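Numbering (our numbering), first residue to last: 131 to 264.
Accompanying notes for the structure given below.
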């Protein structure tokens, strides 16, 4: 019997070239890679919440997947923690290597404009601007 066959886990979660089964989570075309470049989190679709896209820390996410299976619920807590730690390490390496390489930040010598709140696209309440939020 394969994982998830007896648990009614109809969705596929594709992470690091492995396929997991879930009753409420699914990965989209990005296979868990977050668009914002967060290598510590997994991007997923939550079908319990209207099919919206979310992200969750990788260790917490794999724990949810483990605990959804009847076999996973029989595992000792120390085994689950070990599996989480191994997955997080592998996930960070995989997701970092999957990030686009063409992202670059170009900054010239005009630092005044960088911190000028009048040149910002919005007020993000950053302590880095000249509005005195620090």
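By construction, the Cβ of each residue, glycine as well, lies at the ideal position given by its N, Cα and C atoms.
Computed from a predicted structure; not experimentally measured.
Nearest-angstrom Cα separation, counted from residue j out to residue i
{"i": "residue 175", "j": "residue 248", "result": "37 Å"}
{"i": "residue 209", "j": "residue 240", "result": "53 Å"}
{"i": "residue 191", "j": "residue 181", "result": "16 Å"}
{"i": "residue 221", "j": "residue 188", "result": "7 Å"}
{"i": "residue 161", "j": "residue 211", "result": "23 Å"}
{"i": "residue 206", "j": "residue 213", "result": "11 Å"}
{"i": "residue 158", "j": "residue 242", "result": "41 Å"}
{"i": "residue 177", "j": "residue 142", "result": "12 Å"}
{"i": "residue 150", "j": "residue 144", "result": "6 Å"}
{"i": "residue 194", "j": "residue 165", "result": "22 Å"}
{"i": "residue 203", "j": "residue 218", "result": "20 Å"}
{"i": "residue 155", "j": "residue 184", "result": "10 Å"}
{"i": "residue 152", "j": "residue 140", "result": "6 Å"}
{"i": "residue 231", "j": "residue 196", "result": "32 Å"}
Simplified DSSP state of residue i, which is helix, strand or coil
{"i": "residue 182", "result": "strand"}
{"i": "residue 177", "result": "helix"}
{"i": "residue 248", "result": "helix"}
{"i": "residue 190", "result": "helix"}
{"i": "residue 232", "result": "coil"}
{"i": "residue 207", "result": "helix"}
{"i": "residue 134", "result": "Low confidence applies here, because residue 134 scores a pLDDT of 49, under 50, leaving its location unreliable and the question unanswered by this model."}
{"i": "residue 139", "result": "coil"}
{"i": "residue 165", "result": "coil"}
{"i": "residue 227", "result": "helix"}
{"i": "residue 201", "result": "coil"}
{"i": "residue 160", "result": "coil"}
Residue i burial status per 10 Å Cβ neighbour count (16 or more: buried)
{"i": "residue 148", "result": "exposed"}
{"i": "residue 200", "result": "exposed"}
{"i": "residue 198", "result": "buried"}
{"i": "residue 146", "result": "exposed"}
{"i": "residue 138", "result": "exposed"}
At least three beta-carbon pairs within less than 8 Å, the region 220-229 to the region 168-176: yes
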